[in-house]
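One structure below.
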Amino acid sequence: MVRSRNLLRLVPFLALSPVAADHVGSGYLPPTDLTSDDSLVSQAWQNFSSKLGDYIQARKGAGSAEEVLKTLQTDPLQLTWNITFSMNMFSIYDEKTVEDLQFHHVSRELARSKYGTRKVSGDSIYRVQSVSKAITAYAAMMHFEPEDWERPLIKIFPELKNATADSFPVPDWEEITPIALAAQIAGISPAIPLFATYPLQEAAGIAQGLPPLDPKTDPIWSKIPCDISVPCGLNDANKFVQSLAVLPRVFSPWTSPNYANTGYILFGQVFAKLLGKNATDVIASDIFKPLGMANSRTHGLKPKELSKAVIPTEDETMAWMMYKGDGELTSPSGGVLSTTNDLAKLGISILNNTLLTPSRTRKWMKPRSHSARLDYSIGAPWEIPRYKNPKTGVVTDIYTKAGDGFSATAMFILLPEFGVGFSLLSANEVDTVRNLVVGAIGDLLTETLIPALSEQAAVETESKFGGTYKATGDLDSSLTFAVNKTEGASPGLRITNFVSNGTDVLKANPGLATRLVAVTSEGDQVTMEALTEIDAPNLPSLFVNSFNGADWIVAGGSPWGGIQQGLFVFDVDESGNAKDVKPLAYRAKLERQKE
Numbered sequence: 004m005v006r007s008r009n010l011l012r013l014v015p016f017l018a019l020s021p022v023a024a025d026h027v028g029s030g031y032l033p034p035t036d037l038t039s040d041d042s043l044v045s046q047a048w049q050n051f052s053s054k055l056g057d058y059i060q061a062r063k064g065a066g067s068a069e070e071v072l073k074t075l076q077t078d079p080l081q082l083t084w085n086i087t088f089s090m091n092m093f094s095i096y097d098e099k100t101v102e103d104l105q106f107h108h109v110s111r112e113l114a115r116s117k118y119g120t121r122k123v124s125g126d127s128i129y130r131v132q133s134v135s136k137a138i139t140a141y142a143a144m145m146h147f148e149p150e151d152w153e154r155p156l157i158k159i160f161p162e163l164k165n166a167t168a169d170s171f172p173v174p175d176w177e178e179i180t181p182i183a184l185a186a187q188i189a190g191i192s193p194a195i196p197l198f199a200t201y202p203l204q205e206a207a208g209i210a211q212g213l214p215p216l217d218p219k220t221d222p223i224w225s226k227i228p229c230d231i232s233v234p235c236g237l238n239d240a241n242k243f244v245q246s247l248a249v250l251p252r253v254f255s256p257w258t259s260p261n262y263a264n265t266g267y268i269l270f271g272q273v274f275a276k277l278l279g280k281n282a283t284d285v286i287a288s289d290i291f292k293p294l295g296m297a298n299s300r301t302h303g304l305k306p307k308e309l310s311k312a313v314i315p316t317e318d319e320t321m322a323w324m325m326y327k328g329d330g331e332l333t334s335p336s337g338g339v340l341s342t343t344n345d346l347a348k349l350g351i352s353i354l355n356n357t358l359l360t361p362s363r364t365r366k367w368m369k370p371r372s373h374s375a376r377l378d379y380s381i382g383a384p385w386e387i388p389r390y391k392n393p394k395t396g397v398v399t400d401i402y403t404k405a406g407d408g409f410s411a412t413a414m415f416i417l418l419p420e421f422g423v424g425f426s427l428l429s430a431n432e433v434d435t436v437r438n439l440v441v442g443a444i445g446d447l448l449t450e451t452l453i454p455a456l457s458e459q460a461a462v463e464t465e466s467k468f469g470g471t472y473k474a475t476g477d478l479d480s481s482l483t484f485a486v487n488k489t490e491g492a493s494p495g496l497r498i499t500n501f502v503s504n505g506t507d508v509l510k511a512n513p514g515l516a517t518r519l520v521a522v523t524s525e526g527d528q529v530t531m532e533a534l535t536e537i538d539a540p541n542l543p544s545l546f547v548n549s550f551n552g553a554d555w556i557v558a559g560g561s562p563w564g565g566i567q568q569g570l571f572v573f574d575v576d577e578s579g580n581a582k583d584v585k586p587l588a589y590r591a592k593l594e595r596q597k598e
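Letter by letter, the sequence shown follows residues 4 to 598 in the numbering used here.
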C-alpha cells in the first residue's frame, strides 16, 4: 500500500506523547565538550559525585541484618560507604574526560585489609567477572569470519555429534552456532559441572528434599566426565565439552535468551579450534597490548603486582583465589582482571572503531534478542537497558556488560550515540549489598548523565549549525535554523524560516517536516534528515502509533527529482562549525551568515 507522506503528517492527533517514533539516537551530533566549567555534562558529573559523597559521609544504613535488608529494599545508596569502588567516564571526543570525570571510594573493610592496596585509583586492579565476556566477544569480532559465526558447533566440536540422554532432550548441537553462544540464546544448560560441590552440599540438599546421589551409579551424573568429585582438571576442555553434550537443554536455540556461563566457556574454546590459539592469548596480544591496557590480565597477577589489587578479604585462601586468575577454560567467561583506566581504553577503541571496521562495530552494537521486559534487550553479549528521558521521551540504548562474583561487581557501559562510556568496578565480601549498591549507582548515573548529554548536544548543535544561511548572487533563497528550547520538545534543529526561489516554503507546504536530526557525519560533511513535528498519539494501541508519527517509515519527505526533500548536507570546518548547507532537493547551496 502506498501512503502519502504529507497526509500522514497532517493526520489529527490526540493526547501527545513527548516524542515521535524517530530513528534510534539522540537526534543530535555527539557533544564534544564534556569537561569545561560551562559543560552541562561536567556540571552533571559534579552533581552525581556530590550525591555519592553525601551518601558516603552520612554513613547510614548500618545495623542488624534486618535493618540492612530494609535499607537495601528502600534506598541502597545509603550503603555506598560500605563498598570499595572506582568509576570513570570516557569519551572519543573529549580526551580529558577519563581523567577529569572519575570517582573513587575506599571502604573501611579495604582500608584494614592485609592484602593488596588500601587506596584506589584508576589504576587499581579489580576482578571484572563477566565483563570478560565482552572482551572475548570483541576478540572474536576481530578474527572470526562471517561463515565462522554461523558454523554449527558439531563441525567445530565433533564430540558433540549424536549426543543423547534417556530422560530429557539435550541441546540441538547441529543448530547451535558461535553467534548463538555469544548472544546467550543457544538454550544450553547454565550448570557448570566442573564446579560441582556435591560433597559439601549433600546434607543441605537432602534436608531440602533432594535425593542422595552416587556419582558412579547415577544415570545422569555418571555420564558427566568433568565433575570435581571425579578425576578431571579445571583446564580439560575436551571433558568439559563432553559434559555439556549430555546436559539437558533449556530452550531450542534462538527461542529465548538464557544466560549461561557455560556458553561463554564453550565460546572461548571456539578460538582454539578456528584460530589455533587460545582466547586468552588472542585477548592479550590483540587487545591488551595494542590498546596499552598494561594493568589488565587474563591469567592472574604476579606476586609483585598484588600491591595494586583490590582484595576485600582477610581470608588468605579467598585472596589467593581472587587474584591467582582463572584457568584457560573459564577465563574468557569471567576471569579477566582490569582497571577503570584500562576499561576506558577498551571502550574508546570500540566507540572509535580502532580494532574493527565501522560497519562491523555497528553490527556488533545491536540487539540480538529481547527479554520479557519492554525496556531490556540482549546483544552479543550486551545487556541493553533502554532509558527513556522523562521529559522528551527519547530512548537511549545503554550497551552494558555487567559481572558479579568473587567479591566483585563490575559494569562496563557504552553509549554509542554520544561516543561516551563508563566503567564501574567494585569490591565487597557481601554479595547482596555490593551488587544492589552498584546497581543503584548505575541508576543514578544514567538518570543524571544521559539527560545532560542530550542537553549539551542540543547546545552545541545550535552553536555549530544554528543561524541564517543565504544563497549568493541573485538567487532569493535562505534558511534559518534554531533549537526548540521548550521543555519536553523533541530533539533536533528546527527550520524557522525557509525561502526558495522567492517562495516561502513553510507557507506553501505547511505539512513539510521541519525538524532536522543528524544521521551521518563523515569527514567535513554532516547530513541531517527532516522529521515530523507531530508526535505519536498517546493511546493504548500498537498500530495507530505505527503510522502516525512513525518517522522511521516516512522520514525524508517526498522525492523531487530523485532526492528526498528532507535531506540537508552541511559542510563543516575543522572545529565542526557549519560553513554552508545544501538542501539537496532544492539544488542550492546557502552560505552561513555571520551573526
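No residue lacks a Cβ here, since even glycine has one placed at the ideal position from N, Cα and C.
Counting of Cβ neighbours within 10 angstroms places residue 213 among the exposed residues, the total staying below 16.
With a minimum length of 4 residues, the unbroken runs of alpha helix (DSSP H) contained wholly in the stretch 237–312 fall at 240–248, 264–278 and 282–286. Taking the CA atoms as reference points, residue 147 sits about 13 Å from residue 272. Rounded to whole angstroms, the gap between the alpha carbons of residue 402 and residue 62 is 32 Å. One alpha carbon belongs to residue 521, the other to residue 404, and they sit about 28 Å apart.
A check of alpha carbon separations from residue 424 across 92, 413, 66 and 73 identifies 92 as the nearest. Residue pairing by DSSP puts residue 423 in a beta bridge opposite 94 and 418. Ranked by Cα distance from residue 52, the first of 452, 131 and 335 is 452. The three-state reading of DSSP puts residue 158 in helix, counting H, G and I together.
In the structure shown, residue 562 falls within a strand segment according to DSSP collapsed to helix, strand and coil. Of 68, 326 and 583, the smallest CA-CA separation from residue 128 is found for 326.
Counting along the chain, residue 31 sits inside no beta strand (DSSP E), nor does DSSP assign it H or E at all.
Taking the Cα of residue 255 as reference, the smallest distance to any Cα among 160, 189 and 289 is reached at 189. For residue 500, the uninterrupted beta strand (DSSP E) segment begins and ends at 496–503.
Pairing residue 141 with residue 359 gives a Cβ-Cβ distance under 9 Å. Its Cα nearest to that of residue 278, the residue 143 stands out among 143, 54 and 248.
About 17 Å separates the beta carbon of residue 533 from that of residue 564, a gap too long to meet the 8 Å contact definition. With fewer than 16 other CB atoms across the displayed protein chains lying within 10 angstroms of its CB, residue 288 is exposed. Taking residue 463 as reference, the option from 482, 441 and 495 with the minimal CA-CA separation is 495. Under the 8 Å Cβ criterion, the stretch 495–506 counts as touching the stretch 467–483, having at least three qualifying pairs. Taking the Cα positions, residue 250 is about 44 Å away from residue 106. Using a Cβ distance threshold of 9 Å, residue 447 and residue 75 do not count as a contacting pair. Residue 228 has its alpha-carbon roughly 50 Å from the corresponding atom of residue 100. Beta-bridge partners assigned by DSSP to residue 578: none are found.
Residue environment for residue 377: exposed (fewer than 16 other C-beta atoms within 10 angstroms of its C-beta).
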